Amino acid sequence: MGIPEGIIGHHFSSLARQNEAMRLGMWLFLATEILLFAGLFTGYAVYRFEFPLAFADGSRHLNLAAGTVNTVVLITSSFTVALAIHFARTDRPRAAAVCLVLTILMALAFLGIKAIEYTEHFHERALPGKFYAFKEVPIPGAAMFYSLYFLMTGLHGLHVVIGMSVLTWILWRTLQGRYSSRYYTGLELGGLYWHLVDLIWIFLYPLLYLI
Amino acid sequence: MSEESGASGHASATLHPGGEPGKHAHSAIPYVVVWIALLFFTVLTYLTGKQHLGHWALFIALAIACTKSALVALIFMHLKESSGMTRLVFVTSLVFVGLLLFFTVGDVATRFTPATPAGAPFGTERSQPEGLLEHEMPE
């Protein structure tokens, strides 16, 4: 079995060059994603500087256990994606598919835990902006903490949903036998996106849950 | 950039349609090590974060988070074996994140009342009144 037909675009001189271009393009996209989140992190920094007490107090009313479990879930899902790429590039597509299924299940678990947390916030009326009516933290700046909390975890959650969809599509292609030691760049790029989702959460976890 | 130096380590593995693709050339052990290290650092963040170490808390949390992300970027995301070009893209994005944070936080942190224009949201007076410092903090 050679390189699958139609894999190399006619404007690339070799598969290696095409792979490099794909990888570079993906990293450029990830750079824009990093800058997108950087805007929110900057907003967070400014308001945390201005309302240190409200941020610490708001943080201590979050569900720390849920946040910690979700951190472990995301880190492990990142590990299984790395393994999936490893198995594809060592010609073990079935093992790669199993790893991708595990990753998607962990993504679902992450969203489920997040949904439980959001439900708690809604019952406590710890809501963003003018809807904030959380009786346990009635101090200025607390509404801002919860606004940023919902914006950051919400945007991150959207990325989890997108990443999960991309990985499902890649799982389908893996089952079709499209990835092997000769070509696995598509799988690798989907994995890169998932790792970015993990990277963002690595910062969100201590900044939101452990002030 | 020549083909050899331009293509990354694993791209060159895909280049040989003839020989046995390197089943043993690539090991999963680094991924297992990084996974265990990430779990260790998560426990460390959790334990240090719960101590509420005052001014040091943020510094420690960010130092651990940066270490964890470095592990993910270098090993899981293969930056360690990537070409200089992809690394440059990543590092450039980090430089701009640094610039954004440094100047924005620097501005807010160095304001004092006489220098603050009327109607500015920050720095006109203490946003967190003294009385609130006695507000009960749950542990």
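Residue numbers (our numbering), protein chains in the order written: chain L, 53 to 263; chain F, 1492 to 1630. For glycine and all other residues, C-beta sits at the position ideal for the given N, C-alpha and C. No experiment lies behind these values; they were computed from the predicted model shown.
Report task. Could you tell me whether the Cβ of residue 258/L comes closer than 8 angstroms to any Cβ of chain F? Result -> yes
Query raised in the report: At least one CB of chain L closer than 8 angstroms to the CB of residue 1554/F: is that the case?
Result: So, not an interface residue.
Query raised in the report: When the Cα atoms are used, what is the spatial distance from residue 159/L to residue 246/L?
Result: 10 angstroms
Query - C-alpha gap between residue 186/L and residue 1548/F, whole angstroms - result: 26 angstroms
Query raised in the report: According to DSSP, is residue 250/L helix, strand or coil?
Result: helix
Query - Counted within 10 angstroms of its Cβ, other Cβ atoms place residue 110/L as buried (16 or more) or exposed - result: buried
Report task. Pull up the CB-CB distance for residue 226/L and residue 148/L, whole angstroms please, since I reckon it's below 8 angstroms. Result -> Rounded to whole angstroms, the Cβ separation of residue 226/L and residue 148/L is 5 angstroms, and the two are in contact under 8 angstroms.
Requested in this report: For the segment 1554 to 1564 of chain F and the segment 240 to 260 of chain L, state whether three or more C-beta atom pairs, one from each stretch, are separated by less than 8 angstroms.
Outcome: yes
Report task. Count the C-beta pairs between the segment 91 to 102 of chain L and the segment 1582 to 1601 of chain F that are closer than 8 angstroms, then say yes if the count reaches three, no if not. Result -> yes
Query - Selected residue, minimal CA-CA separation from residue 194/L, among 250/L, 83/L, 113/L, 129/L - result: Checking every option, the nearest Cα to that of residue 194/L belongs to 113/L.
Query raised in the report: By how many angstroms is the C-alpha of residue 239/L removed from the C-alpha of residue 1566/F?
Result: About 16 angstroms.
Query raised in the report: At least one CB of chain F closer than 8 angstroms to the CB of residue 121/L: is that the case?
Result: Not one beta carbon of chain F lies nearer than 8 angstroms to the beta carbon of residue 121/L.
Report task. Report, in whole angstroms, the separation of the C-beta atoms of residue 165/L and residue 118/L, which I expect to be a contact under 8 angstroms. Result -> 5 angstroms
Report task. Give the straight-line distance between the Cα atoms of residue 155/L and residue 237/L, rounded to the nearest whole angstrom. Result -> 18 angstroms
**Report entry** Status (buried if at least 16 other CB within 10 Å, exposed otherwise) for residue 197/L
**Finding:** Classification for residue 197/L: buried.
Query - Residues that residue 1547/F contacts on chain L, provided the C-beta gap is smaller than 7 angstroms - result: What residue 1547/F touches in chain L: nothing, since even the nearest Cβ is about 13 angstroms away.
**Report entry** residue 158/L, enclosing alpha helix (DSSP H) - first and last residue
**Finding:** 145 to 176
Query raised in the report: Hey, is residue 217/L's beta-carbon within less than 8 angstroms of any beta-carbon in chain F?
Result: no
Query raised in the report: What span of residues does the alpha helix (DSSP H) with residue 1542/F cover, start to end?
Result: 1520 to 1542
Query raised in the report: To the nearest angstrom, how far is it from the Cα of residue 116/L to the Cα of residue 1541/F?
Result: 10 angstroms
Report task. Check each residue of the segment 92 to 106 of chain L: if its Cβ is closer than 8 angstroms to any Cβ of chain F, include it; give the result in chain order. Result -> 93, 94, 97, 98, 101, 102, 103, 104, 105, 106
Query raised in the report: Of all Cβ atoms in chain L, is any one closer than 8 angstroms to the Cβ of residue 1597/F?
Result: no
Report task. Pick out whichever of 145/L, 124/L, 96/L, 206/L has its Cα sitting closest to the Cα of residue 167/L. Result -> 206/L
Requested in this report: Starting from residue 1578/F, trace the alpha helix (DSSP H) both ways and give me its first and last residue.
Outcome: 1575 to 1600
Query raised in the report: Between residue 132/L and the rest of its own chain, which residues show a CB-CB distance below 8 angstroms, the 5 nearest in sequence each way excluded?
Result: 151, 152, 154, 155, 158
Query raised in the report: Is residue 141/L near residue 233/L, with beta carbons less than 8 angstroms apart?
Result: yes
Report task. Below 8 angstroms between beta carbons is the criterion; list the residues of the segment 1566 to 1593 of chain F that meet it against any residue of chain L, in chain order. Result -> Residues of the segment 1566 to 1593 of chain F with a C-beta atom less than 8 angstroms from some C-beta of chain L are 1566, 1567, 1568, 1569, 1573, 1574, 1576, 1577, 1580, 1581, 1583, 1584, 1585, 1587, 1588, 1591, 1592, listed in chain order.
Report task. Give the residues from the segment 1514 to 1537 of chain F that approach chain L closer than 7 angstroms (Cβ to any Cβ), ordered along the chain. Result -> Answer in chain order: 1514, 1517, 1519, 1522, 1526, 1529, 1530, 1533, 1536, 1537.
Query raised in the report: Any idea if residue 72/L is buried or exposed, counting beta-carbon neighbours within 10 angstroms, 16 or more meaning buried?
Result: buried
Query raised in the report: Where do the ends of the alpha helix (DSSP H) carrying residue 1564/F lie?
Result: For residue 1564/F, no alpha helix (DSSP H) segment is defined, and its DSSP state is neither H nor E.
Query raised in the report: Is the CB-CB distance between residue 90/L and residue 1591/F below 8 angstroms?
Result: yes
Query - Euclidean distance between Cα positions of residue 202/L and residue 262/L - result: 16 angstroms
Query raised in the report: What residues in its chain sit with their C-beta under 8 angstroms from that of residue 129/L, if we drop five residues either side in the sequence?
Result: 154, 155, 158, 159, 162, 246, 250
Report task. Please classify residue 177/L: is it buried, with 16 or more other beta-carbons within 10 angstroms of its beta-carbon, or exposed? Result -> exposed
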